[in-house]
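Engineer:
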Amino acid sequence: MSQRPTFEVAVTMRRERLDNRWQPWRWVLDSVVPAEPAFGAAPRLLREDADQALWLFPGLVVELFKDDGEGYHLNLSAPAPCWFVLWRLDEDGTGSEPLARPVAVSLSYHDAGRWLDAQETVEQVPAPPEVLALLQAFVDAHYAPEPKRRRRPDSFQSLTDRFGNPASVSTDKQRGGRGGPQHG
């Protein structure tokens, strides 16, 4: 049984003060970094001041799946290949303020698309060159784009009306069309 490649990462989320009376704070993805033993296993506050707070969330694992080669390829071929992070507000967070908790991290456009289709909060940050090099090697080994099929030009397709019945096009000039009668 072959083991899937994995990346152990930690995510930092930043809470920023807003100049808004309805919403005093907002959460944004700050970074995705390689996991380190010193991070521990529990989320923790790294620093806080009157305008922002930075939280570290260790223990997230990114797996690469052979059948998602196209999703990784799309990420690699984008102008800025990135990590995709799905996060949710945890109402049981720190005191009266909810805490933004990363739920999943991926390098696949397909994963990000599915999460967005499910109306989840997904943000992205650039992936470092060493991760992109490993991802490229994985894509090279496991992804082969489907060959493009020649599409028959529309001019050779038979015409049908909106009910699927054969239709024809006439180039004869019609008289008495829109705009009143024509005088010849």
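The sequence shown lines up with residues 270 to 453 when you count with the working numbering.
Every residue, glycine too, gets a C-beta built ideally from N, C-alpha and C.
Small disclaimer: the values here were computed from a predicted structure and weren't measured.
1. Buried or exposed: where does N344 fall if 16 or more other Cβ atoms within 10 Å of its Cβ makes it buried?
2. Check whether the Cβ atoms of L333 and T390 lie closer than 8 Å to each other.
3. Across which residues does DSSP place Q321 in a beta bridge pair?
4. Going by beta-carbon coordinates alone, are A279 and A311 separated by less than 8 Å?
5. For a quick check, are the C-beta atoms of D337 and S300 less than 8 Å apart?
6. The alpha helix (DSSP H) that contains W294, what's its start and end?
7. So, with DSSP's three-state summary, where would you put P398?
8. Label G433 either buried or exposed according to how many other C-beta atoms from any shown protein chain fall within 10 Å of its C-beta, with 16 as the threshold for buried.
9. What's the C-alpha gap between G309 and P327?
10. R283: which of T275, V394, D430 sits nearest, CA to CA?
11. With H, G and I counted as helix, E and B as strand and the rest as coil, what does DSSP make of E339?
12. Reducing DSSP to helix, strand and coil, say where W291 ends up.
13. May I ask which residues mark the beginning and end of the beta strand (DSSP E) holding L368?
14. Taking the alpha carbon of R316 as the point to measure from, which residue in P348, Q292, T281 has its own alpha carbon closest?
Structural biologist: With the structure as the only source:
1. buried
2. no
3. E285
4. no
5. no
6. First-last for W294: 294-303, but that is the beta strand (DSSP E), not the alpha helix (DSSP H).
7. helix
8. exposed
9. 7 Å
10. V394
11. helix
12. coil
13. 366-375
14. T281
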